[in-house]
Amino acid sequence: MAFETVDVQVAGPSYQSRSRPVSSQATINFYQQFDESGKEPFIIHSWPGQDLVGSVAGRDRGQHVMSGIRYRIAGSTLYEIKSDGTHTDRGTILGSSRCIIADDGTNMFIVNAGNVQQYNASTTTLSSVTDADIVGSIAVAFLNNQFIYTKPDLFIISDVGDGSTASGLNAAQAESQPDDLVRAYVFDGIANMMGTATNEPWWNDGTNTPPFSRIDAQITSIGLAALHSVASNDDFMYWLGDDRQVYQGTNSSRERITSIGVAHALESYTTVSDAVAWTMTLEGQNFYVLNFPVENVTWVLNESLGKNGWFQLSGDTEGGRYNSTSYSYVNGEHFLADLSNGNYYQLNLNTFTNNGETIHRTRTMSSIHGGMIGHRGKRVKMSRFELIMEMGVGTITGQGENPRVMAEASYDGGKSFDPIGWARIGRLGETNIRAEWWNLESFYDLIIRITTSDPVDYTIISGAIDLKLAGR
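Position 449 of the sequence shown, counting from 1, maps to 465 under our numbering, and the rest follow consecutively.
Written out as structure tokens, the structure is:
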């Protein structure tokens, strides 16, 4: 019987079933997207690298953009960041927790673990807020010229045009369920009062005391598991729910967006309360990045692919979490702050290292089996595997001049992998070669893992494998 060439879809999400033989897919430092050319359903690209643009002392505690100017908190210092990456000290931030920041265009209010401070950009002064109704807040948001401060038992609305003062009369409780309030988060003109077990939307009616009314028809029994896991773009808000599922929502709808495989991973974590998230748009695609520092893992959702859009980012060669936990976007450029040190990076599509450090990229594919040639459950033999990708992408000199891809094979459902070997993908302009591996193994079920580390731009389109029946 002759070998039959079968198409293999290489692109896909990270998906880990409780049973590895069922599914053991992984996409790390690659991301999948629709193939707009229509040749394949999906392709995968390299996630951008990082260029160092500045460094200060201290761990990342958050970033914010006010009136087109970037600010960040590293260690105990608030910095204003110039366009060239220069950091200017703007004062000392109290506490040590991660900060939540809101602004009115001139005044920026910074909250962490009960500490509330105000930075005035006109006078470049940083001061503590002393109003007893505001002190002790754990979060802040801004809506209709008023700041909304969150406390565990209630929320406080500031005076109009002055985020440093508030009346005790302008306070209310989220009362649909007797759960603690975690954070007031504003999305699309609605203040979402997110508790440990519920989400109550409130709108600014301007007539009551406080001038907000609850929208009873839109209350949901979905809480917030991590204070800093909430993020939004123009279309959706995202958060980690109290059931450890990620939700995508508007002010009138909520949808669980985690796949079964991602849900399995999240439910296995010991700690999720420290999760930190942001949203970003890259080449017209929206992403939700969810970082778990204690669990040392980072999950990312490509919004356009829904539940099939999950992949992982790793900032080191050992497979740990992504190195950054806050993000800002100014003048068409993406900026990241490192959690572990004071480094400040620009995300760059034309950079293929993280501040000079190697990026290991991995794609573990779905299983290959006899059913692909009409013999489900039968042993098959392979003779050749080909990765169809952009070739001739080598660098001019140095590492990556002659880039290669490693392929490994698992015959036990992804529990262990054996090397198949390396394949060249072409020096710069060398486009007439093929990434092929030759192997005469037989199997019932095969999982192929590809790994790259050269600093070049990888675009993987699809694959092909030559198979034939090998008997029982």
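Beta carbons: idealized from backbone N, C-alpha and C, even for Gly. Model, not experiment: these values are computed from the prediction.
- Bridge pairing for Val396: Phe459, Leu485 [DSSP].
- The beta carbons of Pro217 and Ala188 sit about 13 Å from each other, so the pair does not count as a contact at 8 Å.
- Sequence-distant Cβ neighbours of Asn339 in its own chain, meaning closer than 6 Å and more than five residues away, are Gly331, Asp354.
- Contiguous alpha helix (DSSP H) elements confined to the stretch 103-190 do not occur, taking only those with 4 or more residues.
- At the C-beta level, Glu56 and Asp482 stay beyond 8 Å of one another.
- Assignment of beta-bridge partners to Asn318 by DSSP yields Phe303.
- Exclusion of the five residues before and after Asp105 leaves Thr93, Tyr95 as the residues of its chain whose Cβ lies within less than 7 Å of its Cβ.
- Of all alpha-carbon atoms in Thr214, Asp149, Gly277, the one lying nearest the alpha-carbon of Trp255 is that of Thr214.
- Taking C-beta atoms as the reference points, Val176 and Gln193 fail to come closer than 8 Å.
- Restricting attention to beta strand (DSSP E) runs no shorter than 3 residues, the stretch 185-231 encloses them at 197-203, 206-211, 215-219, ordered along the chain.
- The C-beta separation of Phe50 from Trp63 comes to about 17 Å, leaving the pair out of contact by the 8 Å criterion.
- By the Cβ-count criterion, Thr475 is exposed, with fewer than 16 other Cβ atoms from all chains shown falling within 10 Å of its own Cβ.
- Per DSSP, Leu282 lies in no beta strand (DSSP E) segment; the continuous alpha helix (DSSP H) that holds it begins and ends at 276-283.
- One alpha carbon belongs to Gly372, the other to Ile44, and they sit about 18 Å apart.
- By the CB criterion at 8 Å, Arg440 and Thr378 fall outside the cutoff.
- If you compare the alpha carbons of Met124, Gly205, Arg230 with that of Phe171, the shortest gap goes to Arg230.
- Counting the other CB atoms within 10 Å of its CB gives Met17 a total below 16, which places it among the exposed residues.
- Every beta strand (DSSP E) of 3 residues or more that sits fully in the stretch 397-469 is shown, in chain order, as 420-426, 434-440, 451-454, 461-468.
- Relative to the Cα of Arg86, the nearest Cα in the group His61, Ile412, Leu352 belongs to Leu352.
- Selection Phe303, Gly348, Ser344, Pro168 evaluated against Gln328 yields Phe303 as nearest (Cα-Cα).
- Put simply, the backbone Cα of Thr122 is about 18 Å away from that of Gly78.
- Shown here for Asn128: same chain residues with a beta carbon closer than 6 Å to its own, the five before and five after excluded, namely Gly111, Ser113, Cys115 in chain order.
- Taken through DSSP and simplified to helix, strand or coil, Met388 comes out as helix.
- Between Tyr360 and Val81, the C-beta spacing is not below 8 Å.
- Taking one beta carbon from each stretch, the stretch 455-473 and the stretch 378-387 have 3 or more pairs nearer than 8 Å; the two touch.
- DSSP places Gly325 in the helix class (H, G or I) of the three-state scheme.
- No residue range can be given for Ser356, since it is assigned to no beta strand (DSSP E) and is classified by DSSP as neither H nor E.
- Excluding residues up to 5 positions away in sequence, Phe459 lie with their Cβ nearer than 6 Å to the Cβ of Tyr427 in the same chain.
- Glu56 has no beta-bridge partner at all, per DSSP.
- In the pairwise beta carbon analysis, the stretch 444-458 is classified as touching the stretch 394-403: at least three pairs are separated by under 8 Å.
- In the DSSP annotation of this structure, Gln25 is not part of any beta strand (DSSP E), being labelled neither H nor E.
- Excluding five sequence positions before and after Gly437, the CB atoms of its chain that fall closer than 7 Å to its own CB belong to Ala423, Trp453, given in chain order.
- The Cβ-Cβ distance between Phe158 and Asp120 falls below 8 Å.
- DSSP places Ala42 in the uninterrupted beta strand (DSSP E) bounded by 40-44.
- Proximity to Phe308 across Ser342, Ala291, Pro168, Ile206 peaks at Ala291, based on C-alpha coordinates.
- Asn186 counts as buried, since no fewer than 16 other beta carbons sit within 10 angstroms of its beta carbon.
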